[in-house]
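So the protein sequences, as listed, match chains A and B. Every letter in the first sequence is one number past the one before it in the numbering used here, and letter 143, counting from 1, is 143. Start counting at 1 in the second sequence, then tack on 296, and there's your number in the numbering used here. Worksheet: the structure to be examined is printed underneath.
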Amino acid sequence: MKKGLFFALVFLLWTGVVWSSEEKLTFPSGPIDDFETFVKTYDSKRCMECHEDVYNEWKESYHSRSMVSSIKGIANFFTVGVPKEWEKELNKQEIIKCLDCHLPQIKFATERLAKEIAGYMIDAKLAKGKKKEEAISKLKQLNLSCYGCHNIKVAGTAPGITGHIDPNVIYTSGEGESDAHETEHTPMLARAAFCTQCHGVYIAPDGESTYCNTLSGSYVHNYIGQGGRETCQDCHMKKKNRGHRMPGGHDLEIVKEGIEFQAEARGFRYGVGKWIPAANVEVFLTNKAGHRTPDG
Amino acid sequence: MVLEVTAKDLDSGKVLYKDERTYFEIGLDLDGYMRYGAWQIKEIIDMTLQPLKTQHERFFFLMDKNTRAAEVTVNVYYYISGKKGDLIHQKKFRMDFEEE
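Following this line, the structure appears as structure tokens:
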């Protein structure tokens with residue numbers, strides 16, 4: 001009897017240790033000043049343990065390389081646009097005009113860290129040798145992570161409805177629950193309006209517009225306006241189980257799918273009596289995408 | 297995106313005709329100058345393919361009078377970076393002009 005009680009106590013203690021070690025996913029609400037802490041905090045690998053399939057899809061996406069894939073354009077803004085053309089200091093307010101989309105967690109970086117990250121972007125373009133390689137290596141650790149869409153960007157589309165975004169809640173279009181984190185159902189994540197925050201003309205808080213791409217205007221006015229009814233998510237995620245790979249203009253399969261091609265031709269003898277070889281070619285290109293093609 | 301129509305003489309390989317149509321956006325600043333920087337662009341000239349619309353292109357051309365047979369190739373290239381074009385659609389036609 002005593003032996004049984006002993007084993008029962010050991011079991012309870014063991015399970016207590018295990019349970020307490022399974023901490024819920026939490027995120028800081030205040031600013032982070034250290035690069036490594038910043039990377040670890042928002043690293044999508046934190047989600048991988050439970051969502052490996054989704055992580056692997058995301059890893060293939062351009063979202064997973066949202067910084068390294070845009071070095072030239074962003075570095076130009078940081079070195080030419082802000083300091084030379086606008087004659088402004090390159091501070092977090094200016095840096096965020098690019099990184100609000102390319103690295104939404106920049107919101108939680110201190111002014112100093114934001115400038116450090118901007119420095120890596122500049123070095124990745126302008127530096128040589130080891131300094132350049134190191135900068136690129138740092139940028140590879142930064143991206144539009146799970147947390148960027150499933151928390152930070154949720155606040156951007158309908159703040160009147162979503163209100164305060166809890167940093168420890170993972171917002172999802174699904175209905176599921178998780179023991180690993182607080183979850184809240186957010187239909188916005190399944191709507192085109194969610195993607196248009198970044199995939200369109202970006203308007204910064206100070207009113208400055210940035211034309212990285214113009215997809216959303218085309219979608220709203222020329223696609224929806226003509227009777228189109230699919231969302232970004234319908235074509236770029238749901239169709240063909242594309243999921244979080246979200247292929248777009250960099251993926252030839254979806255590009256081909258978006259442009260229907262028909263060509264007709266006829267060779268003939270032009271002229272009455274004396275003739276010369278002639279041809280008439282008719283080509284029909286139908287844009288089946290929900291936005292202008294190409295874009296950006 | 298570029299639509300390219302090429303006609304080649306099947307005997308000599310000589311290009312008898314070549315023409316193209318390009319679909320793209322031109323970014324402009326507020327003074328009407330063409331710009332590439334996303335922060336500089338405030339308006340666009342939109343010459344892209346519009347959603348749910350069919351763009352119909354018509355080509356009519358004459359070839360060398362001695363052409364006996366020609367191959368007409370219609371290519372559609374997609375440029376993601378502005379440098380390297382990927383072929384996304386292609387159709388070829390053979391045309392014979394021998395005296396009957």
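In this text, a Cβ means the ideal position worked out from N, Cα and C, and glycines have one as well. No experiment lies behind these values; they were computed from the predicted model shown.
Simplified DSSP assignment, three categories, for residue i
i, result
"A:S45", "The identity of residue 45 of chain A in the sequence shown is Lys, whereas the question assumes Ser. Three-state result, A:K45: helix."
"A:P277", "strand"
"A:S21", "Low per-residue confidence applies at A:S21: pLDDT is 43, beneath 50, and the placement is therefore not dependable, though the value from the model is reported in the following sentence. Of the three classes helix, strand and coil, the one that applies to A:S21 here is helix, per DSSP."
"A:E94", "helix"
"B:L358", "strand"
"A:E298", "Not covered by the structure: residue 298 of chain A. The range shown for chain A is 1 to 296."
"A:Y147", "helix"
"A:T231", "coil"
"A:N168", "coil"
"B:A366", "strand"
"B:D392", "strand"
Any chain B beta carbon closer than 8 Å to residue i
i, result
"A:S21", "Residue placement at A:S21 is poorly supported in this model, since its pLDDT is 43, which falls under 50; the coordinates still yield a value, given next. By this cut-off, A:S21 is not an interface position."
"A:R292", "yes"
"A:L25", "no"
"A:L285", "yes"
"A:Q141", "no"
"A:E133", "no"
"A:R191", "no"
"A:D295", "yes"
"A:I276", "yes"
"A:T231", "no"
"A:G63", "The question names Gly, but residue 63 of chain A in the sequence shown is His. Taking Cβ atoms only, chain B never reaches closer than 8 Å to A:H63, which makes this a no."
"A:Q226", "yes"
"A:N280", "yes"
is_contact[residue i, chain A] using C-beta, thresh 8 Å
i, result
"B:M297", "yes"
"B:V311", "no"
"B:E353", "yes"
"B:M391", "yes"
"B:G333", "yes"
"B:I322", "no"
"B:D307", "no"
"B:Y319", "yes"
"B:H385", "yes"
"B:L326", "no"
Cβ neighbour criterion (16 or more within 10 Å) applied to residue i
i, result
"A:K92", "buried"
"B:I281", "The structure shown does not extend to residue 281 of chain B, since chain B is modelled only from 297 through 396, so no value can be given for it."
"B:V311", "exposed"
"A:I96", "buried"
"A:C198", "buried"
Exercise. If you pair each beta-carbon of the segment 91 to 109 of chain A with each one of the segment 140 to 155 of chain A, do three or more pairs fall below 8 Å?
Worked result: yes
Exercise. Is the segment 257 to 267 of chain A in contact with the segment 213 to 223 of chain A, if contact means three or more CB pairs nearer than 8 Å?
Worked result: no
For this session: Anything in the segment 338 to 351 of chain B with a Cβ closer than 9 Å to a Cβ of chain A? List those residues in chain order, please.
Result: K338, E339, I340, D342, T344, L345, Q346, P347, L348, K349, T350 and Q351
Exercise. Three or more C-beta pairs closer than 8 Å, one from the segment 327 to 337 of chain B and one from the segment 265 to 275 of chain A: is that the case here?
Worked result: no
Problem set entry | Inter-stretch contact at 8 Å, needing at least 3 Cβ pairs: the segment 389 to 396 of chain B / the segment 357 to 364 of chain B | yes
For this session: Report the residues of the segment 253 to 266 of chain A with a CB closer than 7 Å to any CB of chain B, ordered along the chain.
Result: V255, K256, I259, F261, A263 and A265
Problem set entry | Segment contact flag, the segment 205 to 214 of chain A with the segment 319 to 335 of chain B, C-beta cutoff 8 Å, min 3 pairs | yes
Exercise. Between the segment 165 to 181 of chain A and the segment 149 to 157 of chain A, do three or more beta carbon pairs fall short of 8 Å?
Worked result: yes
Problem set entry | Touching by the beta-carbon criterion (3+ pairs, under 8 Å), the segment 61 to 72 of chain A and the segment 244 to 255 of chain A | yes
Problem set entry | Against chain A: residues of the segment 363 to 377 of chain B by CB proximity under 8 Å | T363, A366, V368, V370, V372, Y374, Y375 and I376
For this session: Please determine if the segment 279 to 293 of chain A and the segment 221 to 231 of chain A are in contact, where contact requires at least 3 C-beta pairs separated by less than 8 Å.
Result: yes
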